[in-house]
Amino acid sequence: MATLIPAFSACVSRMTSGEKRLAERLEKKLDDDYLLWYDVPVGPTNAHPDFVVLHPRRGLLILEVKDWKPATIAQADKQAWVIAPDGLPKTVLNPLEQARQYAHQVVDALKRDPQLTQPDGPHAGNLAFPWSYGVVLPNITRQQFKAAELQHAIEPHRVLCKDEMLESADPEDIQSRLWDMFPYLMRGVLSLPMIDRVRWIMFPQVRVPAQGTLFDDNDLDAELPGIMRVMDLQQEQLARSLGDGHRVIHGVAGSGKTMILGYRAEHLARASSASSKPILILCFNEPLGVKLASVMHAKGLSDQVHVRHFHKWCHEQIRAFGQTLPAQGAHFFDDLVEAVIRGVERNQIPGGQYQAVLIDEGHDFAPEWLKLVVQMVDPASNSLLVLFDDAQSIYEHHTARNGSHKFSFKSLGIQAQGRTTILKINYRNTQQILQTASLVAADLLTADDKDEDGIPLVKPVSCGREGEAPLIIRLPTLRDEAQAIADHLANAHKEGHAWGDMAVLCPDRKTRDLCAHVLHQRGLPLENRVSTGDFDPASNKIKVMTMKVSKGLEFPVVALPGVGHMPAPGEDEKEAARVFYVAATRATHRLLIGVGGEGGFGRRLGA
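Mapping to full-length UniProt numbering: the sequence shown position 54 is 54, numbers consecutive.
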């Protein structure tokens, strides 16, 4: 069974009857290694061919589907057809010429990549794999095609007709019809890396965001990157298939949840009208909110997509609707949330303010927070997306107001049953980093029984990306650890890492300030996140922060001082393990861990 993107259920409502029939046939009749895209924008010009078919050995095929009946076609030649679907004649482009133009736009874009072209010989510069185009006429049989003499307008072998795509059709016959559309002399095989490069160029929307800024779709002279990272097929199908209603994505650290959230926000913003209500992205951590806001700003979507960390949003609601701010004190933030909840209950703060609400870090939201936010979704759109990962839950907000520690999405108004997708593969970390993180947090990563929402705790699966083993630093004092970390970061910079690629994530504020002081003494550029508003994701400085506020971020080089002192006296060991797991999985390439002290988690790491 082929992979259709978007999923059939997500696009059937906008398909013609002929497109629907073809999608069903291709999905069911083609083998597992076929990839199909329906009505997805392609290439620099965002062309919209009806179907794109990709196969490692067969190549690339563009298909145009026309639901015309024999009586619809008044005249046809190789350039233009006169059709009269409603009795009124109009001239349209020959569908084969339409498919040809789409195909050449795609091929011209792909030929810019030397890794996808013939390096030498008589076909140097041409694509190194087959490509072609064709037409599907789901309401015209082969006999009717011949009787209307349409072979003078379209080469017969480039057409799939009604009687050749019946439900009873043999899969081999359908495949044979498709590949008869190819010129016979074309040869070549697409490797998996080549397929990723094809997807990167054809579908800019699936580029991993860290690389998306390296390529300007409107700049035909822009240099293509040597390594092209794209969503995996599950991520792409999920991102393109998220429809209306409530959706929950339950995924492990590094599985691309935030990337999918960003895709969804951009898709909704581009599809909405000027009069639409805004879209709200909520997260718990302020640095992640700043980073997501900067991404939306770079895309020119700040007016349509509002990004806030939860307590800032609550503060804005209180001020905007004339409610009384609670007094400053130890319980200010709890009282702030309670004031918003009461305001909504009294109808002094309106619900339904947003056409869609997208929640990152849903595992760090208290049940009453989620219940509050659900009420902010406009009932007309009913669009809610929640990202969740129990293993990364590091804030003690999970006791509902009624004192219960257990809650279900259903009880909060989130319709998660049957609307949950699970992402198991960790792409962010190397296999060595993920294994090290799991040594401390192994008990957090054991699959639990499903709750009433049907959502289990998911154990991450490594994507198999190899890297260097994390460096364990065992020295007598935290200051010694900080000095050693400074040495390693300075060396990493000499090796080519930008300062902004590095982070020092600390278990507490005291360790954070000590490390910042040592780095400053050594003359290394740094950004010590002490208070709200002092995080700049674009600055080329080492980010120094506590482990907790690093959630949602990632850096190529990460140092974790003070792990030998975790958990702190009186701290729950399981909660400390969650914090370590989150911090360790921020590293994409290199991880340094300080395990000096009396042992702490250093024992689990073999130090």
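Backbone N, C-alpha and C define an ideal beta-carbon position, used for all residues, glycine too.
Give me, in chain order, the residues of the same chain whose beta-carbon lies closer than 8 Å to that of residue i; leave out the 5 immediate sequence neighbours on both sides.
i, result
"Thr141", "Cys161, Lys162, Asp163"
"Lys541", "Trp499, Gly500, Pro525, Leu526, Glu527"
"Ala503", "Ile542, Lys543, Val544, Met545, Ser550, Leu553, Phe555, Val557, Val558, Ala559, Arg586"
"Asn126", "Lys111, Thr117, Gln118"
"Arg244", "Note that residue 244 is Asp in the sequence shown, not Arg. Correct list, in chain order: Ser381, Asn382, Ser383."
"Arg21", "Pro138, Met165"
"Ala490", "Arg522, Leu524"
For residue i, which residues in the same chain have their Cβ closer than 6 Å to its Cβ, ignoring the five residues on either side in sequence?
i, result
"Ser9", "none"
"Glu64", "Asp50, Pro95, Gln98, Ala99, Val135"
"Leu471", "Leu592"
"Leu220", "Only weak support is given to the placement of Leu220: the predicted model assigns it a pLDDT of 41, under 50, and the value that follows is read from those uncertain coordinates. Cβ within range, chain order: n/a, list empty."
"His488", "Leu592"
"Ala74", "Val82, Ala84, Pro89"
"Met186", "Pro130"
"Met181", "Ser132, Gly134, Arg158"
"Arg529", "Phe535, Met545"
"Gln317", "Val340, Ile349"
"Met384", "Before going on, a small fix: residue 384 reads as Leu here, not Met. Same-chain partners within the cutoff: His246, Val357, Val377."
"Leu370", "Leu412"
So, are the CB atoms of residue i and residue j less than 8 Å apart?
i, j, result
"Leu4", "Leu54", "no"
"Pro171", "Lys29", "yes"
"Ala442", "Thr585", "no"
"Pro326", "Leu336", "yes"
"Gly523", "Gly564", "no"
"Pro556", "Thr588", "yes"
"residue 626", "Arg270", "As shown, the chain starts at 1 and ends at 607. That puts residue 626 outside it, with no answer to give."
"Arg428", "Glu554", "yes"
"Arg25", "Ile174", "yes"
"Asp67", "Ser17", "yes"
"Ile422", "His250", "yes"
"Asp33", "Met1", "no"
"Ile433", "Cys463", "no"
"Glu468", "Arg590", "yes"
"Pro367", "Leu478", "no"
"Met165", "Pro138", "yes"
"Arg240", "Pro44", "no"
"Arg474", "Val595", "yes"
"Lys345", "Lys299", "This sequence places Glu at residue 345; Lys is not what is there. Their beta carbons are not under 8 Å apart, which means Glu345 does not touch Lys299 by this criterion."
"Ala76", "Val92", "no"
"Ala486", "Val518", "yes"
"Ala583", "Met547", "yes"
"Phe388", "Gly362", "yes"
"Leu233", "Pro56", "no"
"Ile260", "Leu238", "yes"
"Gln323", "Ser272", "no"
For residue i and residue j, which I take to be in contact (beta-carbon distance under 8 Å), what is that distance rounded to the nearest angstrom?
i, j, result
"Ile414", "Val386", "6 Å"
"Ala416", "Val248", "5 Å"
"Pro379", "Gly352", "6 Å"
"Gly256", "Met231", "6 Å"
"Val42", "Val106", "6 Å"
"Pro476", "Val579", "In fact, because the Cβ distance is near 24 Å, the residues do not count as touching under 8 Å."
"Pro70", "Gln144", "5 Å"
Under 7 Å Cβ to Cβ from residue i, same chain only, skipping five residues before and after it: list those, please.
i, result
"Val373", "Leu282, Val357, Ile359"
"Ala274", "none"
"Phe332", "Pro326"
"Pro537", "Val290, Lys291, Ser294"
"Glu236", "Ile5, Val206"
"Trp313", "Leu282"
"Arg177", "Leu160, Glu164"
"residue 611", "The chain is shown only over 1 to 607; residue 611 falls outside these bounds and no answer can be derived."
"Gly254", "Asn426, Tyr427, Arg428, Asn429, Thr585"
"Leu514", "Leu478, Arg479, Ala482"
Using a threshold of 7 Å, is the CB atom of residue i nearer than that to any non-hydrogen atom of the ligand FAD?
i, result
"His246", "Absent from the structure shown: the ligand FAD. Ligands present: none."
To test your reading of the DSSP string, which unbroken alpha helix (DSSP H) runs of 4 or more residues are found completely within the stretch 69 to 116? 95 to 110
At which residue ranges does the stretch 314 to 345 contain complete alpha helix (DSSP H) runs of 4 or more residues, listed in the order of the chain? 332 to 345
So within the stretch 139 to 208, which uninterrupted alpha helix (DSSP H) runs reach at least 4 residues, ignoring any that extend past its ends? 142 to 147, 171 to 179, 192 to 202
Stretch pair the stretch 104 to 114 + the stretch 193 to 201: three plus CB contacts closer than 8 Å: yes
Please determine if the stretch 272 to 286 and the stretch 344 to 358 are in contact, where contact requires at least 3 C-beta pairs separated by less than 8 Å. yes
Jot down the residue ranges of each uninterrupted beta strand (DSSP E) in the UniProt domain "UvrD-like helicase C-terminal" (423 to 526), minimum 3 residues, whole runs only, in chain order. 471 to 473, 502 to 506
Alpha helix (DSSP H) runs contained entirely in the UniProt domain "UvrD-like helicase C-terminal" (539 to 593), provided each spans 4 or more residues: 573 to 584
Every unbroken beta strand (DSSP E) within the stretch 239 to 289, with a cutoff of 3 residues, ordered by chain: 246 to 251, 279 to 283
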